[in-house]
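Taken in sequence, the protein lines are chains A and B.
Sequential numbering of the first sequence, starting at 38, is according to this note's numbering.
Sequential numbering of the second sequence, starting at 144, is according to this note's numbering.
Beta carbons are placed, not taken as given, at the ideal position from N, Cα and C, and that holds for glycine.
The model shown is predicted, which means the values in this text are computed figures rather than measured ones.
Report on the following structure.
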Amino acid sequence: MILLFLTSGLFLGWTLGANDASNVFGSAVGSRMVSFTRAAVTAAVFVIIGAVVQGSGAAETLSRLGEVNAMGGAFTVALAAGLTVYFMTRAGLPVSTTQAIVGAIIGWNFFTNNAVDSGVLTKIISTWITGPVLGAIFAYALYHLVKTARRRIKIHLLKYENWLRIGLMTVGAFGAYSLGANNIANVMGVFVPSIPLEDADFGIFVLSGAQQLFFLGGIAIAAGILTYSKKVIETVGTNLMELSSEAAFVVVLAQALVLFIFSSSSLSDFMVRIGLPPIPLVPVSSTQVVIGAILGIGLYKGVRNINLKVLGSIASGWITTPVAAGILSFLLLFVVKNLFSIDVGHSVNPPASAGKGMSMAAIIRYSIPVLLFITAIYLVWLILSEKKKTERINKKYYE
Amino acid sequence: MSLFTRTNRELSIRIDEFFDTIEIGILIFREGIKAYVNGDTNAFQNHLAKIDDLEGKADKLQRSIENDMIIHSILPQQRSEMFKLLGQLDEIIDTAKKSLNEFYVEIPRIPASLSHEFISLSEVSGNSAEELMPAARAFFREPHLVREKLIKVYFFERETDKLAFQIKKKVFHEMNELSLAEKAHIRYIIHHIENISDTAQDAADLLASMAIRQML
């Protein structure tokens, strides 16, 4: 029964592996510096290790946003996120698994009358912005470092390329580890509170219940990488811009560092120990961090024309994805509860009453119709502009 | 796609050897023209045989470098440009060999009053190709130095054009003792010698764009 409920999470993991793995080694494979098989096997192994070893931090934050306390609820929330990602990808709209799962959890909170922790929500949303910004800063600095080092040491191009190849494999493994550590929360985070598994003792090491779930999620991501990411790389590729091998190295390293920072509890503890604020352990969208990193390299190279449409698509994704996932989650929970009579969870933390002033949840509740309206208008505008563009291209082509 | 192999080191040695071959070929070409103009047939034939060997060696090296780059997936992103560059560098030694062969087969009559100009033309045209080699070597280690090294290539190419123009003008305007066929033959031979610096210039253009891309 548990496995049946887990299928939606495993599906989500599979799509994450198929789509997001291209952020880790897509450019390396695309530039033919690393073979797909070698990259995919490395990524699959390290994604699982990252998920099991370091996945708990970001998952805990998601649990605090909404502790989905029934297996049926967790199943539906993951399904809603998975379907949102699937349909928005098919419609060609910018989407991120991270934002979809957050929206779906908020949808569950509304359905089960649980309060949305505004502190946690603010923390999560702030990382959506800081993630790409940090990616850009890291990429700028790293690219400068790589370029200066190359100029100083006067290394032969062939030798340099050999080092880059080794570097791409190494940072690819690190990137996959960080992807597993950070994004496993999207895949299995919602199941952790509702599926309490006993610790598994393997003699030399013990896997906690959450880690066993992360292991399963990691395998699903690995399966996505091994079975479908090649197709994603071939069809989508690095559609932002063609990267040189050293730029690819920097982008992957910057992305891995950002994901690592937002999932490392030891780093966060260290910050606290030295008197600095803790780092929020939150799942971040690897695609958006990669876009930030590419932007950083573009800025280093002195690119004057930044495609604001790409940046706009990121920002619009911050709104459209969670809203769409939240609404879908709410509707699916309604169907699952009333049509199939499956327990989807109950209220443990009801929102504060209206008499005590307007709570964050209430603000969100009232802003839903507004957001829905904005989203609908945005979708119509996107579809119309796309149609217009296609017509214009066709006209130009056939004339 | 091999990691931790000796292929790269061996390949860089072979690339250097390829550049050496082209450089020696240019020197032999200059000596060959000098020997022909001075009427030293034995020396000319020795140089002809030598440049023939060097051209064959350059061809072999070029093919082996290209094969290794494909088999071991070396420089996958710059490969097509690299092949083009190797091809253009090889074209320099090919043209040099062809020029000497033209002298051998067609035995053009170079008037004594043009000896000095002919030697100078081969020197300047050869210089243009010769100056390309340090730039090509720098591309692999210090791409930021390529552009400044290429300045001399462009300078000598312009000098070659000027000198060739002057000789042609002298032949057609001042040397009435030559028949039209002889004049046309000299013009044809001059054109062959000029070709070396033109090929060097094409290779320099390619090298400059490759270096810029490396620096970005």
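From the beta-carbon of S207 of chain B, no residue of chain A is found nearer than 7 Å; the closest lies around 14 Å away. Three or more Cβ pairs closer than 8 Å define a contact, and the stretch 198-216 of chain B falls short of that threshold against the stretch 340-349 of chain B. By alpha-carbon distance to F283 of chain B, the top candidate from B:L228, B:F298 and B:E266 is B:L228. Here F299 of chain A has A95, T164, G168, N219, I316, P317, L318, V319, P320 and V321 as same chain residues with Cβ atoms under 8 Å from its own Cβ, once five neighbours each way along the sequence are excluded. Around the Cβ of R202 of chain A, a 10 Å sphere holds 16 or more other Cβ atoms; the residue is buried.
In the pairwise beta carbon analysis, the stretch 172-192 of chain A is classified as touching the stretch 290-297 of chain A: at least three pairs are separated by under 8 Å. The beta carbon of H193 of chain A sits closer than 8 Å to some beta carbon of chain B. Per the C-alpha coordinates, the member of B:D163, B:L204, B:L275 and B:H328 positioned closest to D345 of chain B is B:L275. Secondary structure note for E224 of chain B: its alpha helix (DSSP H) is the uninterrupted segment R222 to E249. Here S231 of chain A is buried, its C-beta having at least 16 other C-beta atoms within 10 Å. For V71 of chain A, there is no enclosing alpha helix (DSSP H), since its DSSP letter is neither H nor E. The C-beta of W418 of chain A has fewer than 16 other C-beta atoms within 10 Å across all chains shown, which makes the residue exposed. By the rule that beta-carbons nearer than 8 Å mark a contact, Q220 of chain B touches chain A. Distance between L250 of chain A and T52 of chain A, taken at the CA atoms: about 17 Å. One finds Q220 in chain B with Cβ atoms closer than 7 Å to the Cβ of S281 of chain A, taken in chain order. A residue is called buried once 16 or more other Cβ atoms fall within 10 Å of its Cβ, and L243 of chain B is buried on that count. Restricted to the stretch 204-255 of chain A, not a single beta strand (DSSP E) segment is unbroken, complete and at least 3 residues in length. Using a CB distance below 9 Å, the part of the stretch 155-176 of chain B facing chain A consists of S155 and I158, ordered along the chain. For F282 of chain B, the enclosing alpha helix (DSSP H) begins and ends at S258 to R284.
Between the alpha carbons of N185 of chain B and R173 of chain B lies a gap of roughly 15 Å. Taking the beta carbon of S68 of chain A as reference, the chain B residues within 8 Å of it are P219 and Q220, listed in sequence order.
Approximately 5 Å separates the beta-carbon atoms of G50 of chain A and G254 of chain A; this is inside 8 Å, confirming the contact.
When rounded, the separation of the alpha-carbon atoms in F371 of chain A and I142 of chain A is 14 Å. Among the residues of the stretch 237-264 of chain B, none has a Cβ less than 8 Å away from any Cβ of chain A.
Identification of chain B residues near R188 of chain A by a Cβ-Cβ cut-off of 8 Å yields E285 and H287, ordered along the chain. At least one C-beta of chain A is nearer than 8 Å to the C-beta of L359 of chain B. G230 of chain B has its alpha-carbon roughly 11 Å from the corresponding atom of S223 of chain B.
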